[in-house]
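I have placed the structure first, in the form of structure tokens, so that the comments after it can refer back to it.
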Amino acid sequence: MDGKVYLIGAGPGDGGLMTLKGRALLDKADVVVYDRLVGPEVMAMIPESAEKIDVGKNAGNHPVPQNEINEILLDQAKAGKTVIRLKGGDPFVFGRGGEELELLYENGVDFEVVPGITSSIAAPAYGGIPVTHRDFCSSLHIITGHAKAGAELSIDFEALTRLGGTLVFMMSVSTVEKIADGLIKAGMDPEMPAAVVERGTTPAQRTFTAPLQRLSDTVRENGVRSPAVILVGKVCSLEDKFNWFARKPLLGKRVLVTQPAARSSKLAEGLRELGAETVMYPCIRTTPVRPLDIPETNIETGGRFDTIVFTSAEGVRSCCDWLLENGGDMRWFCCRKIACIGSATASALKDYGLIADFIPSEYSGKVLGEEMIKSGFVGADSNVLLLRTNAASHDVTDALSESDVTFTDYPVYETELIDQPPLDELGDIDYVTFTSRSCVEGFVRSQKKSDFTGMTALCIGRQTASLASEYGFDIEVSEEATIGSMLSKAVDLK
Ligand code: SAH
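Below, the structure written as structure tokens:
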């Protein structure tokens with residue numbers, strides 16, 4: 059049986075602007091045929107199991123001609139596959155989506171279309187320019203400024219000038235001078251507000267405004283390149299007031315995220331929310347240890363231990379999930395005191411209905427050990443169980459040993475460093491984020507060098523920071539050991 063083709067708009071770049079319907083369909087893809095304008099965040103939504111076919115086009119240089127793309131879609135569908143044809147913006151707004159459906163239609167192949175958010179409206183919106191406004195215009199026109207090789211632009215400038223609406227020109231960076239001249243010759247006020255939004259909705263977005271007669275100079279002087287939309291009309295004067303995206307504190311910053319992929323979303327999302335471009339580079343992988351053979355305990359009870367210590371949310375999840383997977387429950391902790399290294403660990407514990415009895419004043423294994431002893435939370439008559447990773451540091455246990463506290467250190471999850479290909483362009487990164495010592499180790503090992511002088515590392519706690527500083531990083535430490543606090547620190551750094 060034939061497969062089916064879904065022609066899906068991927069939106070203008072910001073992954074959050076992909077539709078829910080498009081995203082859900084991606085999960086079902088056998089093959090994804092995509093081009094250059096599909097943003098990296100949407101690309102990251104493609105399941106690993108799907109085959110990816112790049113038919114990316116560059117202006118004036120078409121690596122895969124349109125008729126071949128049409129054939130690819132047909133062949134894949136004829137092979138019985140679920141084919142996603144992913145296109146930047148909306149597939150029908152200068153997207154040649156119509157042409158791609160013709161061949162499918164002629165061959166009786168089933169298809170569906172999922173519209174996308176078009177850059178012609180979204181890029182201006184992120185640039186602070188509403189494409190219509192009652193006080194300024196009563197129509198909106200989307201025009202291609204692309205001329206066939208050697209041919210003149212075929213735009214009716216008189217008609218556009220007479221209509222007085224907002225004009226959005228796509229594919230027009232190289233023809234902006236002709237467009238501005240054409241409009242002015244047709245009688246448009248040379249002082250008409252105009253703008254260009256380059257790489258709209260992405261962290262690299264740039265917006266410039268100028269009166270129409272200065273527009274092409276502005277484009278040239280700032281080295282504006284495709285993809286960009288050119289806007290002409292009174293609404294462009296609103297950019298001054300409404301340029302909300304340009305005010306994001308981390309706009310233009312490139313930040314490396316080294317957390318394990320599954321855990322990185324909160325930090326990465328927060329950074330992106332603040333305008334930063336995130337480079338995802340997971341340096342460690344954590345896996346729960348199974349089965350948990352904690353000495354002298356069983357699924358019903360934590361045995362003779364009177365105090366349980368967690369130093370990470372992973373540890374909490376591994377232990378509590380193990381109980382639940384095996385018919386146990388949180389009564390395992392009954393009558394035992396629980397200490398957590400910081401608020402994020404305590405909050406993971408709370409998800410299972412348990413409240414930490416002890417959190418040290420600083421997110422550090424050393425301080426945790428010292429303060430548990432100093433406050434009398436544990437003493438020589440205690441029997442402590444530490445549920446941590448195989449790669450845990452000695453800080454807590456050294457403090458306990460020094461005070462003759464009896465303890466058992468049991469790994470409930472394993473931390474593995476991931477061998478990533480070294481990054482070529484470390485110089486383009488404004489800072490690296492480290493949420494654990496293992497992330498520092500994994501990062502350093504992948505880079506195949508050990509001196510990072512001149513690079514800034516934003517670290518979650520002092521222990522992580524002190525390891526990073528051993529490798530020469532300039533270090534910044536968040537006030538608290540939470541993602542929120544790391545984000546505040548990132549904003550302070552700028
Ligand atoms: N179907 C797409 C447009 C494809 S034509 C859509 O609906 O958005 C390619 C043109 O789209 C580019 O030359 C540029 O003018 C515009 N474009 C695409 N992505 C853009 C972006 N992120 N910012 C500004 N313009 C963009």
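Using this note's numbering, the letters of the sequence shown map in sequence onto residues 59 to 552.
C-beta: ideal position from N, C-alpha, C; glycine also.
beta-carbon glycine 114 near the ligand SAH non-hydrogen atom, thresh 7 Å: no
When Glu164, Pro70 and Gly434 are compared against methionine 228, the one with the closest alpha-carbon: Pro70
Closest by C-alpha distance to isoleucine 237, when choosing among Lys79, Phe215 and Val254: Selected option, being the one with the closest Cα: Phe215.
Residue range of the beta strand (DSSP E) that includes isoleucine 396: 395-398
Boundaries of the alpha helix (DSSP H) in which glycine 80 is found, first to last residue: 78-84
Integer Cβ distance of glycine 500 from threonine 316, believed to fall under 8 Å: With a Cβ gap of about 7 Å, glycine 500 and threonine 316 count as contacting.
Whole-angstrom C-beta distance between aspartate 462 and valine 438, which should lie under 8 Å: The sequence shown places alanine at residue 438, not valine. Right, their Cβ atoms sit about 5 Å apart.
7 Å CB neighbourhood of threonine 359 in its chain, flanking five on each side removed: Trp390
Per DSSP, cross-strand counterpart(s) of asparagine 441: Thr464
Reference cysteine 341; option with closest CA among Cys497, Lys206, Ala252 and Gly310: Cys497
Simplified DSSP state of threonine 355, which is helix, strand or coil: Threonine 355: coil per DSSP, three-state reduction.
Pick from Glu158, Thr219 and Asp193 that is closest to lysine 243, judged by C-alpha positions: Out of Glu158, Thr219 and Asp193, Thr219 has the C-alpha closest to the C-alpha of lysine 243.
Complete beta strand (DSSP E) runs within the segment 143-189 (minimum length 3 residues, chain order): 168-172
Expected contact under 8 Å - CB spacing of alanine 68 and methionine 59 to nearest Å: That pair is no contact at about 27 Å.
Range of the contiguous beta strand (DSSP E) that encloses threonine 522: No beta strand (DSSP E) holds threonine 522; the alpha helix (DSSP H) holding it covers 520-528.
Residues of its chain near asparagine 165, where Cβ-Cβ distance is below 7 Å and the 5 sequence neighbours each way are ignored: Leu132
Alanine 209 CB to nearest heavy atom of the ligand SAH below 7 Å: no
heavy atom of the ligand SAH below 7 Å from leucine 95 C-beta: Here the distance from the Cβ of leucine 95 to the nearest heavy atom of the ligand SAH is below 7 Å.
Start-to-end residues for the alpha helix (DSSP H) that takes in arginine 264: Unbroken run through arginine 264 is the beta strand (DSSP E), 264-269; no alpha helix (DSSP H).
Residues near methionine 430 by beta carbon distance below 7 Å, same chain, minus five either side: Ala397, Phe416 and Val436
Threonine 224 in three-state terms, based on DSSP: strand
For alanine 457 and lysine 432, the rounded distance between their alpha carbons: 11 Å
Sufficient close CB pairs (3 or more, under 8 Å) joining the segment 260-270 to the segment 286-303: Touching, yes, given that three or more Cβ pairs across the two stretches are closer than 8 Å.
Beta-carbon proximity check, leucine 84 vs isoleucine 104, cutoff 8 Å: Taking 8 Å as the cut-off, the Cβ atoms of leucine 84 and isoleucine 104 count as close.
Beta-carbon gap between alanine 371 and alanine 402 smaller than 8 Å: yes
Contacting residues, own chain, Cβ-Cβ under 6 Å from glycine 240 (five flanking each side not counted): Phe215
Distance cut-off 7 Å: arginine 220 Cβ against heavy atoms of the ligand SAH: no
For lysine 306, the first and last residue of its enclosing alpha helix (DSSP H): From DSSP, lysine 306 is part of no alpha helix (DSSP H); its letter is neither H nor E.
Strand pairing of arginine 343, partner residues [DSSP]: Glu474
Option nearest alanine 108 by Cα separation, candidates Arg362, Arg154, Leu95 and Lys139: Lys139
Boundaries of the beta strand (DSSP E) in which leucine 65 is found, first to last residue: Its beta strand (DSSP E) spans residues 62-67.
Cβ contact check for the segment 417-427 and the segment 501-521: 3 or more pairs under 8 Å: yes
Distance, arginine 143 Cα to valine 46 Cα: Shown here, the chain extends from 59 to 552; a query on residue 46 therefore has no answer.
Neighbourhood of leucine 314 by C-beta, 6 Å cutoff - its chain only, sequence neighbours within 5 removed: Here the set comprises Val337, Tyr339, Ile487 and Val490.
Valine 549 Cβ short of 7 Å to the ligand SAH heavy atom set: no
Check: glycine 258 C-beta below 7 Å from any heavy atom of the ligand SAH: yes
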